[in-house]
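**Student:**
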Amino acid sequence: MTQLQYILELLGTFFFAISGALAVRDQHDDLFGAGFMGFVTAIGGGTLRDIMLGSYPLVWIGDINFLYAILVGVLVAYAFFKYLIKLRRTFVLFDTLGISFFTILGVEKALSLGVQPEIAAIMGMFSAVMGGVIRDVLTNDTPVLFRKEIYATACLAGAAIYLVLVNLQIDRTINLLISIAIIFIFRIIAIKFKLSLPNFKR
Amino acid sequence: MTQLQYILELLGTFFFAISGALAVRDQHDDLFGAGFMGFVTAIGGGTLRDIMLGSYPLVWIGDINFLYAILVGVLVAYAFFKYLIKLRRTFVLFDTLGISFFTILGVEKALSLGVQPEIAAIMGMFSAVMGGVIRDVLTNDTPVLFRKEIYATACLAGAAIYLVLVNLQIDRTINLLISIAIIFIFRIIAIKFKLSLPNFKR
Amino acid sequence: MTQLQYILELLGTFFFAISGALAVRDQHDDLFGAGFMGFVTAIGGGTLRDIMLGSYPLVWIGDINFLYAILVGVLVAYAFFKYLIKLRRTFVLFDTLGISFFTILGVEKALSLGVQPEIAAIMGMFSAVMGGVIRDVLTNDTPVLFRKEIYATACLAGAAIYLVLVNLQIDRTINLLISIAIIFIFRIIAIKFKLSLPNFKR
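Residue numbers (numbering that gives the first Met the number 0), protein chains in the order written: chain A, 0 to 201; chain B, 0 to 201; chain C, 0 to 201.
Pasting the structure below:
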């Protein structure tokens, strides 16, 4: 299980790097710009979480494999740009799988550092979405967080479910599968039916 | 005194969260977007200060009540949006009171961690204004720091006064009242008379 | 050597502060805005590096002289604005010298904290360029990182050369001179001949 998890983390980092690199715009359209975007997208969320929790060394600083996963991701994006850019739909699936998975891993890491469940849920959400937010801030886009479909909310909901199931002493593997699936399904349904939260101004 | 201070800190957090949530724009106008803005506005400054000083755990991670103060603030903003948005003037007062208070508390916290007075003044100012700056960066607004009326400058001035009075061994409670009042009055006068610092380009 | 290095670091900070303060735009054109920009430009990169590495206290918090170097830089920029703004070309030289120097110092600091060479190279690049990036994000400009000419790439290249020469056990002073010179020359040539990396989208 632990080894499978490690491989999944590297794989998630790899996909995040591809998706970040594919987000290049005309204004910063060169290999370095794309590489930097891939890097920030992939490590931003976990880095912010670990800095807030004071957990050192940061994952990608302590284990060089994450850097290589990003590098390979960026090079794959570079080599197959024209092909990959047509696969946007497939990428939404990968991205959604990625944020589902990283949310719950982030919750677990925060819990293991002894914070309260409410804080762990926020940290899980941060792990999943803040990489994309930092990327968007750097490129002066509206952060993905604020686009209409349910996004970070799905992460928070899944994190809450995970915490409830921990409280009910459900087996960890089963809990992981359930709560990851809930985020994934919640998000896909929200995209499909263009669901969104109630407006604030009315 | 200590208990009063704790209640005031929670109250300040509550008001910062309301003011953050009220800052929602059309582009990210849903309950999550507003909640996130309230959260960032309320905890951003103190979080940046504590990360820079290496002071862990962060206040809101170590004490869950701050999270609840924010949650209540956002829900109040949601429930009474139409009413509150008309009270902008009152909110300027609350906001000014909030930054005055948080500036001096930030100075005290930095001093207690053993930094030099000049650094403590900067940290006090950061505590008060950086939450709003991060909020503005996330929404692609011009950071509040750079709008014309004297804002962060008032915080710096009040922090300097506080440090001088500490040096003169003035009683802490009196010092708090004086230096908080100075920030408050300085800022209100600046708004009233549209004061601003000399231009840089001439 | 150590004392020379300390003086050079203060000098680099001083020049970074000038260049940051000169970047004021109409929207935030007052003494505080310019001072804040100078401050962020000068300390941003090293601060991000040290926070990521968990290295406390931050340089400018542990040694007040850096703050004074920035203050003097901002005041010089204020006093001689009209004159300095005409020296843009000279400033490109100073800026390039500054990023060359800070890159290698950043690599050395990261290595001394025991990280792997690849991480040290990234940290060196961060030390040099992230102050400007944070400045650009605060003013809603396109981060300097993403402008066309080779910029951060030159830092990465110089960092790599430095690490290779360390491996070959070249004397440190000679290594410093070589790798700093390489960044400087690489960047100046890139500006002169408008070199850029291959585009990502083709």
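C-beta: ideal position from N, C-alpha, C; glycine also.
1) Say whether the segment 175-194 of chain B touches the segment 36-52 of chain C, bearing in mind that this needs 3 or more beta-carbon pairs closer than 8 Å, one atom from each stretch.
2) I need the DSSP call for D49 of chain A, collapsed to helix, strand or coil.
3) Which chain B residues are close to N166 of chain A, counting only those with a beta carbon under 8 Å from its beta carbon?
4) Using a Cβ cut-off of 9 Å, pull out every chain A residue sitting near D136 of chain B, in sequence order please.
5) To the nearest angstrom, how far is it from the Cα of E107 of chain C to the Cα of G123 of chain C?
6) Can the beta-carbon of I187 of chain A be found closer than 8 Å to that of T95 of chain A?
7) Helix, strand or coil for D140 of chain C? Go by DSSP, reduced to three states.
8) Just to make sure I have the definition right: I need the residues of chain A whose C-beta is within less than 7 Å of the C-beta of F31 of chain B. Which are they?
9) Got a sec: is the Cβ-Cβ distance from Y5 of chain A to anything in chain C below 8 Å?
10) Using CA atoms only, rank isn't needed, just tell me which of A:R134, A:I190 and A:S54 is closest to F32 of chain A.
11) Quick one: residues in its chain with C-beta nearer than 6 Å to the C-beta of R88 of chain B, no 5 flanking neighbours on either side, listed in chain order?
12) Does any residue of chain C have a CB that is nearer than 8 Å to the CB of L114 of chain B?
13) According to DSSP, D29 of chain C sits in a beta bridge with which residue or residues?
14) Is D94 of chain C helix, strand or coil by DSSP?
15) Looking at the structure shown, is Y67 of chain B part of a helix, part of a strand, or coil, going by DSSP?
16) Taking only three categories from DSSP, how would you classify G212 of chain B?
17) Looking only at its own chain, which residues have a Cβ that is under 6 Å from the Cβ of G34 of chain A, when we skip the five neighbours before and after it?
18) DSSP state of Q2 of chain C, grouped into three classes?
19) Note down the Cα distance separating I190 of chain B from I149 of chain B, rounded to an integer number of angstroms.
20) If A120 of chain A sits next to L155 of chain A, beta carbons under 8 Å apart, how far is it from one beta carbon to the other, in whole angstroms?
21) If we define contact as Cβ-Cβ less than 8 Å, is I95 of chain B a contact residue for chain A?
22) When you compare the CB positions of N198 of chain B and D29 of chain C, do they come within less than 8 Å of one another, or not?
23) Considering K193 of chain B, what are the terminal residues of the alpha helix (DSSP H) in which it resides?
24) Report the neighbours of Y55 of chain C on chain B: residues whose CB is nearer than 7 Å to its CB, in chain order.
25) Could you work out which residues of chain B lie near E117 of chain A, taking near to mean beta carbons separated by less than 8 Å?
26) Does the beta-carbon distance from A151 of chain B to V136 of chain B come in below 8 Å?
27) Looking at the structure shown, is Y55 of chain B part of a helix, part of a strand, or coil, going by DSSP?
28) Based on Cα-Cα distance, which residue from A:S54, A:N174 and A:G97 lies nearest to Y161 of chain A?
29) With a cut-off of 8 Å, do at least 3 Cβ pairs link the segment 12-21 of chain B to the segment 5-24 of chain C?
30) Where does L9 of chain A fall in DSSP's three states?
31) Using alpha carbons as the reference points, say which of C:V143, C:N139 and C:I118 lies closest to G130 of chain C.
32) Can you give the Cα-Cα distance for D49 of chain B and K81 of chain A, rounded to whole angstroms?
33) Would you please verify whether the beta carbon of T40 of chain B is less than 8 Å from any beta carbon of chain A?
34) CA-CA distance, E117 of chain A and L196 of chain A?
35) Taking DSSP as the reference, what is the three-state secondary structure of V23 of chain C?
36) With burial defined as no fewer than 16 other Cβ atoms inside 10 Å of the residue's Cβ, what is the status of V132 of chain B: buried or exposed?
**Tutor:** Put simply:
1) The segment 36-52 of chain C and the segment 175-194 of chain B do not touch, with fewer than three beta-carbon pairs separated by less than 8 Å.
2) When DSSP states are grouped into helix, strand and coil, D49 of chain A belongs to the helix group.
3) Residues of chain B whose Cβ lies closer than 8 Å to the Cβ of N166 of chain A do not exist, since the nearest Cβ in that chain is about 16 Å away.
4) Reading off the sequence shown, one finds Val at residue 136 of chain B, where the question assumed Asp. By Cβ distance, chain A contributes V136.
5) C-alpha separation (whole angstroms): 8 Å.
6) Contact annotation: I187 of chain A and T95 of chain A have beta-carbon atoms nearer than 8 Å.
7) Correct three-state label for D140 of chain C: coil.
8) The contacting residues are A151, T152 and L196.
9) Judged by the 8 Å Cβ criterion, Y5 of chain A is not in contact with chain C.
10) Here residue 32 of chain A is Gly; the residue named in the question, Phe, does not match the sequence. When each option's Cα is compared against that of G32 of chain A, the closest is A:R134.
11) Contacts found: none.
12) Here residue 114 of chain B turns out to be Val, not Leu, going by the sequence shown. Chain C, which has a Cβ nearer than 8 Å to the Cβ of V114 of chain B, makes this yes.
13) The partner list for D29 of chain C (beta bridge, DSSP) reads B:N198.
14) Here D94 of chain C sits in helix by DSSP.
15) Judged by DSSP in its simplified three-state form, Y67 of chain B adopts helix.
16) A query on residue 212 of chain B cannot be resolved here, the shown segment of chain B reaching from 0 to 201 and no further.
17) Counting only Cβ-Cβ distances below 6 Å, and skipping sequence neighbours, we find V73.
18) Q2 of chain C: helix per DSSP, three-state reduction.
19) Going by the C-alpha atoms only, they are around 8 Å apart.
20) About 6 Å; that satisfies the 8 Å criterion.
21) Note that residue 95 of chain B is Thr in the sequence shown, not Ile. Chain A contact via Cβ: absent.
22) Against a cut-off of 8 Å, the Cβ pair of D29 of chain C and N198 of chain B comes out as a contact.
23) According to the DSSP assignment, K193 of chain B belongs to no alpha helix (DSSP H), since it is labelled neither H nor E.
24) The contacting residues are G53.
25) The contacting residues are I63 and L66.
26) In this structure, A151 of chain B keeps its C-beta atom at 8 Å or more from the C-beta atom of V136 of chain B.
27) In this structure, Y55 of chain B counts as coil in the three-state DSSP scheme.
28) Per the Cα distances, A:N174.
29) The segment 12-21 of chain B makes no contact with the segment 5-24 of chain C: fewer than 3 CB pairs, one atom from each, lie closer than 8 Å.
30) In the structure shown, L9 of chain A sits in a helix (DSSP, three-state: H, G or I).
31) Minimum Cα distance to G130 of chain C is reached at C:V143.
32) D49 of chain B and K81 of chain A: Cα-Cα distance of roughly 45 Å.
33) False, the Cβ-Cβ gap to chain A never drops below 8 Å.
34) Between the C-alpha atoms of E117 of chain A and L196 of chain A there is a straight-line separation of about 21 Å.
35) Of the three classes helix, strand and coil, the one that applies to V23 of chain C here is coil, per DSSP.
36) Within a 10 Å sphere around the beta-carbon of V132 of chain B sit 16 or more other beta-carbons, which makes this residue buried.
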